[in-house]
Amino acid sequence: MTYKYILTETRDRVGIITLNRPERLNAFNYEMQGEWRDQVEQWNQDPAIGAIVFAGAGRAFCAGADFGGWSREIQQREAGEETDRQRRARPDETWTEMAMRSKPIVCAINGPAIGVGLTMTLPGDVRIASDRARLSMRFVRVGVIPELGSTRLLPQIVGVSHALELMLSGRIIDAAEAGRIGLVNRVVPHDELLDRAVETAAGIAFNPLESLAAVKQLTWSAVNNLDIRGVMEQEGKEFAAAQQRPAFKEAVTAFREKREPNFHP
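For what it's worth, the working numbering labels the leading residue of the sequence shown as 621, then goes sequentially.
The following block contains the structure:
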């Protein structure tokens, strides 16, 4: 299948999905998510594929949400219209839930992984970063909050204190710090990243599919002994409320005007 926003390839038992909006630093939009979910599901049903690698084309893994879409939603809301976000039917299964039941996922973070560009990797199984990677839970800097269950997943990955600092400050950290706090499994030279990620995925894919599925199911069930869907539903309510506040509009406007936002006039 030919996609608009992703590239796909296979190397033996490893499927590779590359986010492919390099001119926009692979900025997230919902069409991109629909494409990668479609491909993940195809490979989940394919016994020839044992693990999946996520990568980014160009200089970034994913530099965050597409601000053009957010700007359009502000205009729709102020005009009293239904927004694109409201118009989208809520999926029966979120990306976080899908990733947790999927074949093993290895994320190859080649550059900026900001906001949703980072949270989309948290329900993955292994994160490997280039030494050029930069990572951030940037949400508070644009007047919203983390999503995709990350207020639950991030503390489990890096510990409560590190997670709160990242989420409350919105600061950008380099690959070395991400490795030190456990946000990524390891940091590798930039030019070796994809090969090392595929090598890791191939080592996983060698194993019996049934055993891999059982390990993931047992592990995520133990980790999420509280309701992850409930966490995401509460995040969704808070995210929607944040989008109604002046700080969000100021952040989007400042981005378009290429200036720092003024949250405290």
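Backbone N, C-alpha and C define an ideal beta-carbon position, used for all residues, glycine too.
Residues bridged to residue i [DSSP beta-bridge criterion]
i: THR638; result: LEU627 and ALA675
i: ILE792; result: SER756
Contact check, residue i vs residue j, beta carbons under 9 angstroms
i: LEU803; j: ARG747; result: yes
i: ALA647; j: GLY678; result: no
i: GLY769; j: VAL851; result: yes
i: ARG721; j: ALA871; result: no
i: VAL764; j: GLN863; result: yes
i: THR739; j: LEU786; result: no
i: HIS832; j: ILE824; result: According to the sequence shown, residue 832 is Leu rather than His. Yes, the pair counts as a contact, with Cβ atoms nearer than the cut-off.
i: ALA753; j: VAL807; result: yes
i: ALA822; j: ASP686; result: no
i: ALA668; j: THR630; result: yes
i: TRP656; j: ILE636; result: no
i: THR741; j: GLU855; result: no
i: ALA817; j: VAL726; result: yes
i: PRO828; j: SER750; result: no
i: ARG849; j: GLU661; result: no
i: MET621; j: GLN665; result: no
i: LYS624; j: GLU651; result: yes
Residue i: first and last residue of the uninterrupted alpha helix (DSSP H) it sits in
i: LEU645; result: Careful: LEU645 lies outside any alpha helix (DSSP H) and carries neither H nor E.
i: ILE801; result: 795 to 801
i: ILE765; result: Neither: ILE765 is in no alpha helix (DSSP H) and is coded neither H nor E.
i: ARG876; result: 866 to 876
i: ALA680; result: It is not in any alpha helix (DSSP H) - ALA680 carries neither H nor E in the DSSP assignment.
i: PRO885; result: That residue, PRO885, is in no alpha helix (DSSP H); it is neither H nor E in DSSP.
i: ARG849; result: 848 to 863
i: ARG633; result: First-last for ARG633: undefined, no H or E at that position.
i: THR622; result: Looking at the DSSP string, THR622 is not in any alpha helix (DSSP H), and its letter there is neither H nor E.
Three-way DSSP call (helix, strand, coil) for residue i in this model
i: LEU784; result: helix
i: ILE725; result: strand
i: ALA749; result: strand
i: ILE824; result: helix
i: ALA709; result: Low local confidence applies: a pLDDT of 48 at ALA709 is under 50, so the model's placement there is unreliable, with the coordinate-based value given in what follows. If DSSP states are grouped into helix, strand and coil, ALA709 belongs with coil.
i: ARG754; result: strand
i: ILE669; result: coil
i: MET886; result: Residue 886 lies beyond the residue range present for the chain, which begins at 621 and ends at 885; the question has no answer from this structure.
i: ASP811; result: helix
i: LEU742; result: coil
i: MET652; result: helix
i: ASN664; result: helix
i: GLY779; result: coil
i: ARG879; result: coil
i: SER831; result: helix
Inter-residue CB distance, residue i and residue j (contact presumed, cutoff 8 angstroms)
i: PHE681; j: ASN730; result: 5 angstroms
i: ALA719; j: LEU755; result: So it is not a contact: roughly 18 angstroms between Cβ atoms.
i: VAL843; j: GLN776; result: 6 angstroms
i: PRO743; j: ALA671; result: Contact doesn't hold; Cβ gap of about 15 angstroms is too wide.
i: PRO570; j: ALA874; result: Examination of residue 570 is not possible in this model, given that the chain is present from 621 through 885 alone.
i: GLU767; j: PHE883; result: Rounded, the Cβ-Cβ distance is 20 angstroms, inconsistent with contact.
Below-9 angstroms beta-carbon distance, residue i vs any chain D residue
i: VAL760; result: Going by chain labels, chain D is absent from the structure shown, which holds only one protein chain.
First and last residue of the uninterrupted beta strand (DSSP E) at residue i
i: ARG806; result: 806 to 808
i: ALA733; result: 732 to 734
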